[in-house]
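In this note's numbering, the protein residues as written are 1 to 69.
Think of the CB as a built atom: it goes at the ideal place given N, C-alpha and C, for glycine as much as any other residue.
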Ligand SMILES: [Zn+2]
């Protein structure tokens, strides 16, 4: 089993998302009332190839992005 490490930025911030999408995504991630599963479904619809675990990990602050905000 691989240990949880602080990896690179989450894949969900990579293309194909537009700048506008990213803005929406960041707002959703910060909103406690928005469910992780709905964020993930939104990402899927946008064509982003991201696992729900990535979204969960990000929300728990176990990734690199945290330092940037
Ligand atoms: Zn992240």
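Residue from the options with nearest C-alpha to residue i
i: residue 61; options: 16, 44, 29; result: 29
i: residue 27; options: 42, 64, 53; result: 42
Residue i, DSSP secondary structure in three states
i: residue 62; result: coil
i: residue 27; result: helix
i: residue 16; result: coil
i: residue 48; result: coil
i: residue 41; result: helix
Where residue i falls, given that 16 or more other Cβ within 10 Å makes a residue buried
i: residue 35; result: exposed
i: residue 48; result: buried
Limits of the unbroken alpha helix (DSSP H) element including residue i
i: residue 33; result: Looking at the DSSP string, residue 33 is not in any alpha helix (DSSP H), and its letter there is neither H nor E.
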